[in-house]
Amino acid sequence: MAVVELEIPARSAYLSLVRLVVDAAVGSLAPGLSQARLDDLKIAVTEACSNAIEAHEGNWSEGPVIVRCTIGDDEVRVEVIDRGSGFDPDDVEALPAVTDPRRLRHESGLGIALMRTLADEVSFTPSADGTRVSLVVRRPQSTAG
Amino acid sequence: MELRTEVSEIEGWTVVTVHGEIDVATSPSLRERLIDLVNDGSARLVLDLEAVDFLDSTGLGTIVSILKRARTHGGDLRLVCTEARIRRLFEITGLDNAVPLHASLDDAISGG
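So the protein lines, in turn, are chains A and B.
First residue of the first sequence: 10, per the numbering used here; consecutive thereafter.
First residue of the second sequence: 73, per the numbering used here; consecutive thereafter.
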């Protein structure tokens, strides 16, 4: 198991760096993962980091936001940990069906839906100190180990 | 990463070619650029995403916002996008129903 950790100030200018690190770390340490799955993971991590940065804006602090990649034999797990104002993912309004014209009223709120679709597993752990989002992408069995 | 746009006029459509990554950091400048175009009378927009390396939910939100603004001004927004990783985001969120994705600039302009 390998762990790569990045700590960034809670500013959106660092999102590009987060993607570079996730790409390099997961790309080199989990070679069995396809580029498409790695792309999915980078989008999900960007969404989680964007929420974390927004949470810090909510309490006027600059972070840090921690991005921890754990590459195991069976899965890649990326945790995004912030000390922001926190949020309840269950409070996020459900989006109308994709065929519903009202869907166009929703210019935001797509991030959590994307995380849930693009990662194999997502969990949100709010605490008094902030929020931990854990994103898991499973590695193909044939290349694990 | 910087976001770069190029604007050209083709057969009554304003074509905006976007280069770079669209995320929380870069979406505001793209949104502002597109709003300016619509407000200046260019409400028939084609957004060429072929040179976009990354798109997230903020970028999708910007596209929805500009689509509505363009239609309110009597125009429309059409997208050029063939990259599977970008197209997939429109499909997951159902936005491909609202904003058709075209395989080429010619298709987008002709509505094909």
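Using N, Cα and C, we set each Cβ at its ideal position, and we do this for glycine too.
A quick note: this is a predicted structure, and the numbers were derived from the prediction, not measured.
- Taking residue 150 of chain A as reference, the option from A:128, A:40, A:12, A:33 with the minimal CA-CA separation is A:40.
- No residue range can be given for residue 74 of chain B, since it is assigned to no beta strand (DSSP E) and is classified by DSSP as neither H nor E.
- Look at the beta carbons and you see the segment 126-146 of chain A not touching the segment 79-90 of chain B: under three pairs across the two are nearer than 8 Å.
- Residue pairing by DSSP places residue 139 of chain A opposite A:136 in a beta bridge.
- DSSP places residue 84 of chain A in the uninterrupted beta strand (DSSP E) bounded by 84-91.
- The segment 51-60 of chain A makes contact with the segment 72-89 of chain A; the number of CB pairs closer than 8 Å reaches 3 or more.
- Interface annotation, residue 128 of chain B: in contact with chain A, CB-CB separation under 8 Å.
- Straight through space, the alpha carbons of residue 36 of chain A and residue 167 of chain B are spaced by roughly 30 Å.
- By the rule that beta-carbons nearer than 8 Å mark a contact, residue 142 of chain B does not touch chain A.
- The C-alpha of residue 97 of chain B is placed about 8 Å away from the C-alpha of residue 24 of chain A.
- Taking one beta carbon from each stretch, the segment 156-172 of chain B and the segment 117-131 of chain B have 3 or more pairs nearer than 8 Å; the two touch.
- For residue 132 of chain B, the nearest CB of chain A lies under 8 Å from its own CB, placing it at the interface with that chain.
- Within the DSSP bridge table, the entry for residue 128 of chain A names no partner.
- Residue burial is scored here from C-beta neighbours: residue 182 of chain B has fewer than 16 other C-beta atoms within 10 angstroms and is therefore classed as exposed.
- For residue 76 of chain B, the number of other beta carbons within 10 angstroms of its own is below 16, and it is reported as exposed.
- A straight line joining the alpha-carbon of residue 73 of chain A with that of residue 177 of chain B spans about 43 Å.
- In this structure, the CA atom of residue 18 of chain A is about 29 Å from the CA atom of residue 123 of chain B.
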